[in-house]
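Working notes, structure below.
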Amino acid sequence: MFWMSNATELLNFFQVKVETMEKEWEFEAPGDPVLTADMDTCSEALAQLDDVIMHTFQQCVYHLTKTLYSLLPALLDTNPFSNDVSVLPPKVAGLVEVYRCSLMLSREACLSPPLTSQTFGYLFFFTNTSLLNTLLERVDGLFSWSRAVQIRTNLDLVLDWLQGAGLGDIASEFMKKLSVTVNFLCIPKTRLIQSSWTSLKEEHELLSHAQLHHLLTHYKLGPTRAPPASWAPPPGADLNGGTVDIFESFLDHPPLILPNETPRLDLSQPIPSPELQKEVTRLRTFLWGLDQDELPANQRTRL
Numbered sequence: 021m022f023w024m025s026n027a028t029e030l031l032n033f034f035q036v037k038v039e040t041m042e043k044e045w046e047f048e049a050p051g052d053p054v055l056t057a058d059m060d061t062c063s064e065a066l067a068q069l070d071d072v073i074m075h076t077f078q079q080c081v082y083h084l085t086k087t088l089y090s091l092l093p094a095l096l097d098t099n100p101f102s103n104d105v106s107v108l109p110p111k112v113a114g115l116v117e118v119y120r121c122s123l124m125l126s127r128e129a130c131l132s133p134p135l136t137s138q139t140f141g142y143l144f145f146f147t148n149t150s151l152l153n154t155l156l157e158r159v160d161g162l163f164s165w166s167r168a169v170q171i172r173t174n175l176d177l178v179l180d181w182l183q184g185a186g187l188g189d190i191a192s193e194f195m196k197k198l199s200v201t202v203n204f205l206c207i208p209k210t211r212l213i214q215s216s217w218t219s220l221k222e223e224h225e226l227l228s229h230a231q232l233h234h235l236l237t238h239y240k241l242g243p244t245r246a247p248p249a250s251w252a253p254p255p256g257a258d259l260n261g262g263t264v265d266i267f268e269s270f271l272d273h274p275p276l277i278l279p280n281e282t283p284r285l286d287l288s289q290p291i292p293s294p295e296l297q298k299e300v301t302r303l304r305t306f307l308w309g310l311d312q313d314e315l316p317a318n319q320r321t322r323l
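Numbering of the sequence shown is given in our numbering, commencing with residue 21 and proceeding in unit increments.
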């Protein structure tokens, strides 16, 4: 995240610089082959910074989602009513801690607001997709009103925390389908039995025909109670013919859009902070040493 933040700041700075240089050169020396070659070099450098940001973003979300994956099932399996319902259950609190640490890291690294939003957008997309697929895959009692109320309560506790952390809008947007599915399972059984396929589909339009059919087919009405005839899908409903079609795809994640902002630091000015100047000098010395090591021994200025 630190490298992503730095590379973004450099990209923003050099984009402004290159645009200014292009305007000056077009006026002063249009068509100069040397200047054209220099601009090509600048474009290649900007492309390299693009690649760095993309790579660091991918690495960030990979490691964060890998951590989330093992913690997400607690939201489905934890009973929040065994303790104070206003407090996050310990296992669900572990999930929230990943979000909290990610937000803290983004602030410590001074990650730009657009990239912070997109990072959490991806985390919430992963949360939604992973939990929804797990919920649809498991038919071991989760498709019942009592279990759904527990899941809804856990989800609300997490969303309330995210709202307080300033991430509520992003979470609500990317976790919408999970929320709709849990709301469906929270419908009281007496009301659900009286509902028709058409009314349920209208009230839960985010659910595909195959997903709604799967939920109704496996809903726990009782050991001897058959689903009512009103739950049957209408002729021609696209059920896709297989359980694989009920799952959300991880490939449908939001694309990363690189920010185009005014740089926060003017890198052409002297460094005002002695501590930062010391770190920059140390970095320059390190990079100069790498260059020296690549030279033949008789051409090095460092002995």
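Note that CB positions come from ideal geometry on N, CA and C, so glycine has one too.
- Comparing alpha carbon positions, the residue from G256, I213 and E225 closest to T237 is I213.
- Fewer than three beta-carbon pairs drawn from the region 125-132 and the region 191-209 are found closer than 8 angstroms, and the two stretches are therefore not classed as touching.
- Between T139 and V81, the alpha-carbon positions lie close to 7 angstroms from each other.
- About 6 angstroms separates the beta carbons of L156 and H234, which is inside the 8 angstroms limit, making them a contact pair.
- Under the three-pair Cβ rule at 8 angstroms, the region 63-82 does not count as touching the region 93-112.
- Residue environment for E299: exposed (fewer than 16 other C-beta atoms within 10 angstroms of its C-beta).
- Remark: C-beta atoms of A252 and C206 do not approach each other more closely than 8 angstroms.
- Out of H224, G242, T201 and K37, the CA that lies nearest to the CA of T210 is found in G242.
- Going by C-alpha positions, P53 is about 10 angstroms away from D60.
- Classified as buried, Y119 has 16 or more neighbouring CB atoms from the shown chains inside 10 Å of its CB.
- The straight-line gap separating the alpha-carbon atoms of S293 and D189 is approximately 37 angstroms.
- DSSP places F145 inside the alpha helix (DSSP H), whose first and last residues are P133 to E157.
- Of the candidates F146, C62, L92 and M21, M21 places its Cα closest to the Cα of Q79.
- Here the alpha carbons of K240 and S164 stand approximately 5 angstroms from one another.
- Leaving aside the five residues that flank A249 on each side, none in its chain has a CB nearer than 7 angstroms to its CB.
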